[in-house]
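J.:
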Amino acid sequence: MSLLQVFNRIPPPDPNVSLVDEAHVQDAMYNLLDSSVWGLKTTLYPYQRRSAALMLQKEASPEKVLDPRLVSMARDDGSPWYIDPVAGTVLSEPRVYDGVRGGILAEEMGSGKTLICLSLILASKDLPTEAPDLYQGGRPPVRHRVASLADMAASCATRHAAPWKPFFQVSKDLDYAHCIAALQRNPGYYLRPLPDVRRGARRASEFPQKPKMIYLSSATVIVVPSNLLLQWRQEIAKHTDGLKVLVLAAGDAPVPRPRDLLDYDILLFSQSKFEKIVKTEGGIDESLSSVHFKRCIVDEGHKLGNSRIGHRSNLLTGLDSMHFSSRWIVTGTPSHGLFGVDESRQTTDHAHIGDELPQTNGAGSRSAAEMEKKDLQRLGSISSLYLKARPWANTFQEVEDTPADWDTYLLLPKHNPRSYGRWDCLKSTLNSLIIRHQIGEMEDMLPPVDERIVVLDGSYQDKLSLNIFSMMIIFNSVQSQRTDMDYFFHPRQRKSLLQIVHNLKQTSFFGGSFFASDEIAKAVQTAEEFLREKKVPVSPEDESLLREAIDLGHVAVKNKLRGLSNQFHEMPVCVRDFPAKAGQAWSLDGEDDGTVCTSSSLLQSLQKLLYDSITEPQKLNSLLNGGLLQEGKQERDKILASQSSDTERSGKEKKKKSSETLAGNTKLGDDSPRKSRPRGVATKPQDDIDVDDMPTALQSTTITSTVSAKLSYLIDSITKHQEREKMIIFYENDNVAWYLANMLDVLQIQHLIYAKGLTTERRAQYVDTFHHNPRFRVLLMDLSQAAFGLDMREASRIYFINPVLNPQVEAQAIGRVRRISQQKPVSVETLVLKNSIDEVILERKRHMTQAEHRQVKSILDVQNIYNWIKNVRVTRLDDTDGSNESQMAPLRSRQHVFGRGFGRSVHPDDGLVAVESPTRGTNGRDGPWSSVAIVGTKRAHDVGPGGDVAIGTDEKLALVSRPARRVRFAAGSDDEE
């Protein structure tokens, strides 16, 4: 038995209307079960109805829960008695508690948890919020002067939580305006005594503090991650009608007064805004602490599990300062190791995450137990500190009961020798807190997922780049005797080794720019001298390895195409039928033998030059009759000058940050592309020109191959599917995203880059644009930004440029697309380059248990991967005819260089959907976004996707401009967790 199995076997929701006494609540539950909630524009699926109805049932009539600490025993006559084996207490009668008014909504990723919450809010928004039992009753308040009978009656009704809104809703044909006005003038409230203040005087103060007035509100407070705020606003607008929503996001706008807050149905906070209020005020805002809200919902609230009694997060501190009748957490993964087991996705490519923990042994068993312990402790923090579930939230001040330590009663002996947990106690506790359906119950409603592993042979240049890294590792290992501090695998070189891993991942896409020819030649010369001098004894095996690596080094130094890749820091591509036979001037090597070896930057410059001339025959003829030769030479020289300038400008930085030279004059590899990208022209776009209407000299110019097998495959796939489907391409390396984006620009494929460096507002704008602007077909997304809860249902195809080691990270990324609202089957392809680190990651992933995955903090913690890098070998290179094209990966379909819309470039914000700035008051019936004019032209690359600055400034975003010359990665940059 494991915690994951207990989680996946939680009984599905089974609401029972008969358990609720209040008639209006029963009606609301029936409305939810029938999906006939007033104001709900979307029909709920059956499982969504059950979940929402059970949430309302738990709020209105929480069931009695037997103290989970007790074990029932039978007397001789069969009657039960109860024992607490930890405390040694024996009871003749059971001890029960009221269940939690709230809990954890833990439905599967993409199952519509937001819609479930909105339906609950709509169904109950007209039901009154009652004062806590402790503050009910007492003497009625006395006014300073006599009020009207209507006001006194209204005050009495609201104080006692009379359900007046449903009555007037049914009787809306009659005129009750004065009655409604009186009720709104006299909101319900209760008086909460202030805590005693310690004073230095012996006597108590003669002027005791007045109790605080707490207003009763039917509103729901929702706290969401900042990047999901816009998504919530859009879901409210899409699925509901009539909700009054107050959005509190970025900015310093103050919180409205308590009486004003009573007008809203939802207070929607971004988490950053909420925490800012807590930090600024030294606690929660006075207005928020003066209102008792119906409920609180924390989206992706599993982070609350990181708090402890002595170390509470700002989020938890703020929530504890407010008053709620019900508390909910919404998350598909209540803790790191708890997620739904999707049997349909259990293939041989994935470890079986349902494996029993006892099957592991030794260190693996201890690791599994430790991970499970942390998950249990997170659940304990959520239960006791946020949900206030008893007995776990009991305190020493409660004289009628005793505190219950979660770790003592729910951790198992394997987690802690001093714990006495039992599986039955754990099951009953989780069943009382968590609402979720097993994934098999909603399998038919989620779109099917076709997962494929695409293994690519790799071009000659791919294999050469991989072998150069192998060569460097072999040189270093043999010459350091695998012991010295300048050995790559020495414990003190872990940071260097992490950079090698990062570079190896990039090399499986493109690695031609990593080592200069003189660096390779120097390393080869040092290895040859090492063998000649024989100062250090070398085994026959090591000598053989060294000689193979030396031979490979000579091949690499002589390889012209690899040298061009490093010199220009560009991905070479081959182009046929170059216009006006000017290919020699636009090629990287200055040659034209029928195919031209050029780059994306040169092609973009060529496109822009001809675009400006396409409607001016005289100018175009001038270019086609010799002008292109001169322009090409200038562009090529400009790139080389820019590269040289960057080298000089970063000289000082390079001395500080350049990759360290270790044993055998070996280096880690540096990728240093040019910083600037081609600058566009801010001109008014002309009408698109079909390929058939272009001059004959331009119609046949096509790209036939690229230096990278993965790039060629992606180009073929994207161009094949872009008309019918949108795509998300997940990357882990910033440089890879830059190289790919450059080629998409050449092919006029509109795309966005969802990168680490973007602001929250910019990320929301990109997601909204991807959803609503049909011209944007591709989203490049950093794998680390595949956030919990992010809805990217517009896409139906996913590509992973590298295999993802952790299956939960992969599942989260796929979960952005596989959602209940997805209208198409989902296709997922993982690209794997043969004989690269990709294969090792994929193979090891298949055989790792879930506990092993969770133990891994860095990819180097996986022994098989570590050993593969440590014992890497030089692989055989294919025979080629020596031409550039024979060393590249051919495209299945040639791509026109001068296709529709080529060469345009306007403002970087062109086509983006403008997101309305969050204001203090936003009615959910109004769309929370507005569109700007859409012009299908290319965005300028000096600012590029995500640029928040105007054209012409020197500021650049990290992923918009080329990556910095010295790309360094911290020791944790390859963490998979």
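If you're matching positions, the sequence shown starts at 123 in the working numbering and goes up one per residue. Note that beta-carbon positions come from the ideal geometry of N, C-alpha and C, so glycine has one too. Here the structure is a predicted model, which means the values were calculated and not measured.
For Asp699, report the span of its alpha helix (DSSP H) as first-last.
T.: Careful: Asp699 lies outside any alpha helix (DSSP H) and carries neither H nor E.
J.: So for Val978, helix, strand or coil by DSSP?
T.: coil
J.: Nearest-angstrom Cα distance between Met274 and Ser918?
T.: 59 angstroms
J.: Do Ile936 and Val926 have their C-beta atoms within less than 7 angstroms of each other?
T.: no
J.: What are the start and end residues of the beta strand (DSSP E) that includes Ile358?
T.: No beta strand (DSSP E) contains Ile358, which is instead part of the alpha helix (DSSP H) from 351 to 361.
J.: At 3 residues or longer, and completely inside the segment 179 to 249: list those beta strand (DSSP E) runs for me, N to C.
T.: Runs of the beta strand (DSSP E) lying entirely within the segment 179 to 249, each at least 3 residues long, are 186 to 188, 193 to 196, 202 to 206, 211 to 213, 218 to 220, 224 to 227 in chain order.
J.: Taking Lys366 as the reference, give the member of Ser340, Met335, Asn349, Ala819 with the closest Cα.
T.: Ser340
J.: What are the start and end residues of the beta strand (DSSP E) that includes Met335?
T.: 334 to 338
J.: Quick check: the Cα distance between Pro378 and Gly432, rounded to an integer number of angstroms?
T.: 32 angstroms
J.: Could you check what DSSP says for Gly1043 in three-state terms: helix, strand or coil?
T.: Legend: pLDDT at Gly1043 = 44, less than 50; position of this residue unreliable, value from coordinates given subsequently. In this structure, Gly1043 counts as coil in the three-state DSSP scheme.
J.: What residue range is occupied by the uninterrupted alpha helix (DSSP H) comprising Asp867?
T.: Where Asp867 is concerned, the enclosing alpha helix (DSSP H) stretches over 856 to 868.
J.: Hey, would you say Lys235 sits closer than 7 angstroms to Val452, going by beta carbons?
T.: Yes; because the gap between Cβ atoms is below 7 angstroms, this pair is in contact.
J.: Examine the Cβ distances between the segment 582 to 589 and the segment 245 to 253 and report whether three or more of them are shorter than 8 angstroms.
T.: no
J.: Are the Cβ atoms of Ala228 and Ile556 separated by less than 7 angstroms?
T.: yes
J.: What does a CB cutoff of less than 6 angstroms around Val600 pick up in its chain, not counting 5 residues either side in sequence?
T.: Around Val600: Asp664, Leu668.
J.: If you run the structure through DSSP and keep just helix, strand and coil, what is Met903?
T.: strand
J.: With DSSP as the reference, please indicate the residues paired to Gln1017 in a beta bridge.
T.: Ile825
J.: Go ahead and pull the three-state DSSP assignment for Val345.
T.: strand
J.: Nearest by alpha-carbon distance to Ile613: which of Phe700, Ala863, Leu982, Glu185 is it?
T.: Note on residue identity: the sequence assigns Pro, not Ile, to residue 613. In terms of CA proximity to Pro613, Leu982 leads the group Phe700, Ala863, Leu982, Glu185.
J.: Give a yes or no on whether the C-beta atoms belonging to Ser592 and Val994 are separated by under 7 angstroms.
T.: yes
J.: The alpha helix (DSSP H) spanning Met274 covers which residue range?
T.: 271 to 281
J.: Report the residue from His414, Pro659, Lys832 whose alpha carbon sits nearest the alpha carbon of Leu862.
T.: Restricting attention to His414, Pro659, Lys832, the CA atom closest to the CA of Leu862 is found in Lys832.
J.: Could you compute how far the alpha carbon of Ala886 sits from the alpha carbon of Arg915?
T.: Taking the straight line from one Cα to the other gives about 15 angstroms.
J.: Quickly, what does DSSP pair Ser630 with across the bridge? List them, please.
T.: Residue pairing by DSSP leaves Ser630 without any beta bridge partner.
J.: Can you check whether the CB of Pro137 is closer than 7 angstroms to the CB of Arg191?
T.: no
J.: Is Met865 buried or exposed, if buried means 16 or more other CB atoms sit within 10 Å of its CB?
T.: buried
J.: Have a look at the DSSP bridge pairing and note the partners of Arg574.
T.: Glu951
J.: Mapping DSSP to helix, strand and coil, what is Ala804?
T.: With a pLDDT of 34 at Ala804, under the threshold of 50, the modelled position of that residue is not reliable, and the figure given next carries that caveat. Three-state DSSP puts Ala804 in coil, outside helix and strand.
J.: So the candidates are Ile850, Val868, Pro896; which of them puts its Cα closest to the Cα of Ala877?
T.: Ile850
J.: Use the C-beta contact count for Tyr853: other C-beta atoms within 10 angstroms, 16 or more gives buried, fewer gives exposed.
T.: buried
J.: Contact between the segment 194 to 207 and the segment 152 to 164: three or more CB pairs below 8 angstroms?
T.: no
J.: Taking 7 angstroms as the threshold (C-beta atoms), are Pro701 and Thr841 in contact?
T.: no
J.: Between the C-alpha atoms of Leu552 and Phe129, what's the straight-line distance to the nearest angstrom?
T.: 8 angstroms
J.: Would you report the Cα separation of Cys301 and Ala272, rounded to the nearest angstrom?
T.: 7 angstroms
J.: State the Cα-Cα distance for the pair Ser194 and Ile205, rounded to the nearest angstrom.
T.: 7 angstroms
J.: Under a CB-based cut-off of 7 angstroms, is Met1010 close to chain B?
T.: Chain labels in this structure do not include chain B; a single protein chain is all it has.
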